[in-house]
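In what follows, a single structure is set out as structure tokens and then discussed.
Protein chains in written order, with the working numbering: chain A, 1 to 301; chain B, 1 to 325; chain C, 1 to 241.
Here is the structure:
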């Protein structure tokens, strides 16, 4: 194995790490406000990718703009889903909310995945590149699409951090995540923030889907593994901490790609790369059985 | 007529047995697959409905049971029944181990953990194709040398009936009471003297063993095992069946499996559309009929059978026999 | 103080939560025949102490002995099996099980118990607690006070030697509170030992034979209620937080 190959894998790992972080931040946001683990998050990511693809195909919009359209569409679509399906979570009359949130988001994932097979077909689709071509740095070659994905991903996460820390809406969201009742007392309508958080989480997932589409191409079941990876990151990343999620996302992306590089049997390396992240999840859960999100609110350090 | 629901079930069973040879091959196949899902749905409801352990690795255990049996029969040339037995033991042990590992997890964390486990099983089976034949599928020895499906129908029927009998005895025993107590409040159950850890592991082992039984039968009936038997979509289908029927009672869970499997066939002309349709049905059930669509029917049946009124009727929920302890 | 045989003994119990020391080397002996009132300001470590003494929390230091046998580190059901029962600060019943089933669970965990015998005993206790007419009701449909009574009944099904009651009077209607006090007294006369935590000082003082006072994780007084009430450190702990 050459050093060059290792560097390429490391660079790819960093890009994937940013994408993972983008998905994980959404899971964190939704968990801290709605107190549910969203099993359908990977499918929102998938929908975002397809949405961007069709906007490019039929409207001839440039890819980056298409990503923004996909984000907006998923923001609205997710709020509709949340209004239709998740409102019982906020009612005292609903019993066993954990179970309700779990089955409903799991059912939603099943619905979205199978609808996607019908709507988009089972075969992989690949949208055009953001910027065709590659960048060379010595022997290190990275495609422009990967650079764009990482760059835009970082910008989006930074924008979210800024939004949470510096704007009144972000502050209110943070307040709701810490205590619903106290937030209500100071006049914040917590219900509106449920929708808002779910929408933002979905929009971030959509962005991630649109960003990876030219790299890995789209498939209806593309969301399953990133969804699992998002949990790994949320657990590893220090329980509801956004910056922790970013570091954990990078770590997971890196270790996965290096795992591929070092796996002795190259024909199986790729298949087991997916299993690797899943295995990390299992191990982490054994040691943090309910500490996943430990403190049940956001931290924006 | 306290036993009315039981009598009704017996009559239905008798009709099914007598009428079986009139079914054409196609519907007989549907019935056999329905019974396969019936065993899975009942044992999953034992875990998710009675104990509150929302495991997403149930179909993965069916897959493990099927592959274990198929491979042992292939390698060692042992009789199919012995292979199925080995599959059951394998799943029981592995299920107990998973139950032990996730003792301190609950709710969504347990679901994530078991989802991760089933993904690993699926990926391993797909990747190790020199052993499992991977996505191409592993050819399995048939359970019966028979030109018709009738023996399989009777076998599936017997397995389902035996499974339901065993699980029914379990949930009506003191163990069943302890399992429900654990679902309601683990801390209070342990303060009441229930060995929570032991019963959680036991529940996982028993439910997984039944999944292994179903999987073993499926493998030697259908003739080919693929990684898809244990994948996420199969698990989702099982959740759909069990939740739509009613996950907190064995008969409603099995009924859900039958109804959904039959509907899937009736609606076959709709092709791919059926799956999201059942997704919607699941969501609607959760939203508007949380206890399942068959639960009210079942309760009505129980009520019809309960002719006693007043204080006497109050005693009905205390079984007089203690079968498991 | 009672001169009965020692039932539960905590030796140098330490429990920390992060940087907070909830129990700081607490020694407590509960002997047969005791009726202990465990009081102290909020956050003084009373509930933590009960959780440690009944096996729901593992102590970071020290040990718990039941009838002289070291049990700390074992799961709660072992304590229950040795006759140590408890209720919870916020009532924890098996909500979607009937009142009778709630009673059956602890009864049937006893070795060699028979279903009909346990059911008979359960009905006896439900009679005693005035809950008999509700036995087919789901536990979650009971009123707050009835839930407290049922939780007490569930403890009794273990035929425990000692019962730890965590805030049994909190949020209970005054009439039911009277009933609860009467039942506890009756059970105590029948030979059961109690440790009762509550903020309702009046009820505590009415029933206690011995008063233990906690403050800031330590036991600061232990003895005859009259003597403890006159103790200056106790007054200081309550007044000068």
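Using N, Cα and C, we set each Cβ at its ideal position, and we do this for glycine too.
Contact defined as beta carbons within less than 8 Å: I believe residue i pairs with residue j. What is the distance between those atoms, to the nearest angstrom?
{"i": "residue 98 of chain C", "j": "residue 136 of chain C", "result": "5 Å"}
{"i": "residue 279 of chain A", "j": "residue 17 of chain A", "result": "The Cβ separation is near 18 Å, so there is no contact."}
{"i": "residue 111 of chain A", "j": "residue 256 of chain B", "result": "Their Cβ separation, rounded to whole angstroms, is 17 Å, which puts residue 111 of chain A and residue 256 of chain B out of contact at 8 Å."}
{"i": "residue 307 of chain A", "j": "residue 210 of chain A", "result": "One cannot answer for residue 307 of chain A here, as it falls past the ends of chain A, which runs 1 to 301."}
{"i": "residue 152 of chain C", "j": "residue 129 of chain C", "result": "7 Å"}
{"i": "residue 10 of chain C", "j": "residue 28 of chain C", "result": "5 Å"}
In three-state terms, what does DSSP make of residue i?
{"i": "residue 277 of chain A", "result": "helix"}
{"i": "residue 159 of chain C", "result": "coil"}
{"i": "residue 43 of chain B", "result": "helix"}
{"i": "residue 112 of chain C", "result": "coil"}
{"i": "residue 114 of chain A", "result": "helix"}
{"i": "residue 28 of chain C", "result": "strand"}
{"i": "residue 131 of chain A", "result": "coil"}
{"i": "residue 218 of chain C", "result": "strand"}
{"i": "residue 74 of chain B", "result": "helix"}
{"i": "residue 37 of chain C", "result": "strand"}
{"i": "residue 92 of chain C", "result": "coil"}
{"i": "residue 3 of chain B", "result": "coil"}
{"i": "residue 68 of chain A", "result": "helix"}
{"i": "residue 142 of chain A", "result": "strand"}
{"i": "residue 94 of chain A", "result": "coil"}
{"i": "residue 57 of chain C", "result": "coil"}
{"i": "residue 50 of chain C", "result": "helix"}
{"i": "residue 104 of chain B", "result": "coil"}
{"i": "residue 172 of chain B", "result": "helix"}
{"i": "residue 102 of chain C", "result": "helix"}
Within 8 Å (strictly less), CB to CB, does residue i reach chain C?
{"i": "residue 200 of chain B", "result": "no"}
{"i": "residue 117 of chain B", "result": "no"}
{"i": "residue 178 of chain B", "result": "yes"}
For a contact meaning CB atoms closer than 8 Å, what does residue i contact in chain A?
{"i": "residue 33 of chain B", "result": "Going along chain A, no residue has its Cβ under 8 Å from residue 33 of chain B, so there is no contact; the nearest lies around 19 Å."}
Residues of chain B with a CB under 9 Å from the CB of residue i: which are they?
{"i": "residue 95 of chain C", "result": "184 and 185"}
Kindly indicate if chain A contains any beta-carbon less than 8 Å away from that of residue i.
{"i": "residue 124 of chain B", "result": "yes"}
{"i": "residue 143 of chain B", "result": "no"}
{"i": "residue 272 of chain B", "result": "yes"}
{"i": "residue 64 of chain B", "result": "no"}
{"i": "residue 353 of chain B", "result": "Here chain B covers residues 1 to 325 and nothing more, so residue 353 of chain B does not appear."}
{"i": "residue 113 of chain B", "result": "yes"}
{"i": "residue 280 of chain B", "result": "yes"}
For residue i, which residues in chain B fall below 8 Å Cβ to Cβ?
{"i": "residue 127 of chain C", "result": "Simply none; closest approach about 14 Å."}
{"i": "residue 88 of chain C", "result": "187, 188 and 191"}
Can you pull the chain A residues whose beta carbon is under 9 Å from the beta carbon of residue i, in chain order?
{"i": "residue 365 of chain B", "result": "Nothing about residue 365 of chain B can be reported from this structure: the residues present for chain B run from 1 to 325 only."}
By the criterion of Cβ-Cβ separation under 8 Å, what are the contact partners of residue i in chain C?
{"i": "residue 170 of chain B", "result": "Result: empty, since nearest Cβ-Cβ is about 14 Å, beyond 8 Å."}
{"i": "residue 303 of chain B", "result": "Those do not exist, as residue 303 of chain B stays about 13 Å from chain C at its closest Cβ, beyond 8 Å."}
Could you list which residues in chain A have their beta carbon closer than 7 Å to that of residue i, in chain order?
{"i": "residue 108 of chain B", "result": "37, 98 and 102"}
Look up residue i in the DSSP assignment and give the residues it is bridged to.
{"i": "residue 139 of chain B", "result": "B:224"}
{"i": "residue 70 of chain C", "result": "C:65"}
{"i": "residue 10 of chain C", "result": "C:28 and C:64"}
{"i": "residue 166 of chain C", "result": "C:197"}
Which chain C residues sit within Cβ distance under 9 Å of residue i?
{"i": "residue 51 of chain B", "result": "Within 9 Å Cβ-Cβ: nothing; residue 51 of chain B doesn't reach chain C, min ~13 Å."}
Could you tell me which chain C residues have their CB closer than 7 Å to the CB of residue i, listed as they occur along the chain?
{"i": "residue 54 of chain B", "result": "Under the 7 Å cutoff, chain C gives no residues; its nearest Cβ is about 16 Å from residue 54 of chain B."}
What residues of chain B sit near residue i, judged by a beta carbon separation below 7 Å?
{"i": "residue 124 of chain C", "result": "In chain order: nothing, as chain B lies at least about 14 Å away."}
{"i": "residue 40 of chain A", "result": "Correct list: empty, because the minimum Cβ distance to chain B is about 11 Å."}
{"i": "residue 115 of chain A", "result": "276"}
So, is the C-beta of residue i closer than 8 Å to a C-beta in chain B?
{"i": "residue 168 of chain C", "result": "no"}
{"i": "residue 117 of chain C", "result": "no"}
{"i": "residue 80 of chain C", "result": "yes"}
{"i": "residue 154 of chain C", "result": "yes"}
{"i": "residue 76 of chain C", "result": "yes"}
{"i": "residue 242 of chain C", "result": "Chain C is shown only over 1 to 241; residue 242 of chain C falls outside these bounds and no answer can be derived."}
{"i": "residue 272 of chain A", "result": "yes"}
{"i": "residue 198 of chain A", "result": "no"}
{"i": "residue 193 of chain C", "result": "no"}
{"i": "residue 54 of chain C", "result": "yes"}
{"i": "residue 278 of chain C", "result": "An answer regarding residue 278 of chain C cannot be provided, because it is not within the stretch 1 to 241 covered by chain C."}
{"i": "residue 242 of chain A", "result": "no"}
{"i": "residue 90 of chain A", "result": "no"}
Is residue i near the ligand SAM, going by C-beta to nearest heavy atom under 7 Å?
{"i": "residue 235 of chain B", "result": "Here there are no bound small molecules, and the ligand SAM is not part of this structure."}
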